[in-house]
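Here is the structure we will look at.
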Amino acid sequence: MASTAKYQCANPNCGAWFEARTADRARGWARSCSKRCASIVREKAIPDMFGQKKKGPFAKWVDRKLSQAEADEEMHEEAMQDCTSGWDEGGWRD
Ligand SMILES: [Zn+2]
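One gets the numbering used here by counting positions in the sequence shown from 1 and adding 60 to each.
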């Protein structure tokens, strides 16, 4: 029998309390009350994740790319490609 507990939705615009399995939470799942909230949280988490993991000029560069990309989905794709290419081409310039 799975143990469950009450958690608050990770989507700040929702904040609903919901019941989730503690085993799922331990794996980093069940952060939000619904799939809709999960997708919202995941979209918001992308720039946060970069910002926390990569400090310095690279993070600023990613933030700038991502904020530009918000206006234009094609730009977003391009930005994400730029993120993964060029890792081995030397230092980043700001
Ligand atoms: Zn929610």
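From the three backbone atoms N, C-alpha and C, an ideal C-beta is built for every residue, glycine too.
A80 versus K104: straight-line alpha-carbon distance, rounded: 21 angstroms
Hey, would you say the C-beta of A90 is under 7 angstroms away from at least one heavy atom of ligand 1? no
Would the beta-carbon of S99 be found less than 7 angstroms away from any heavy atom of ligand 1? no
Could you check whether the Cβ of S94 sits closer than 7 angstroms to any heavy atom belonging to ligand 1? yes
Relative to ligand 1, is the shortest distance from any of its heavy atoms to the C-beta of A76 smaller than 7 angstroms? yes
Where does R81 sit, in a helix, a strand or coil, going by DSSP? strand
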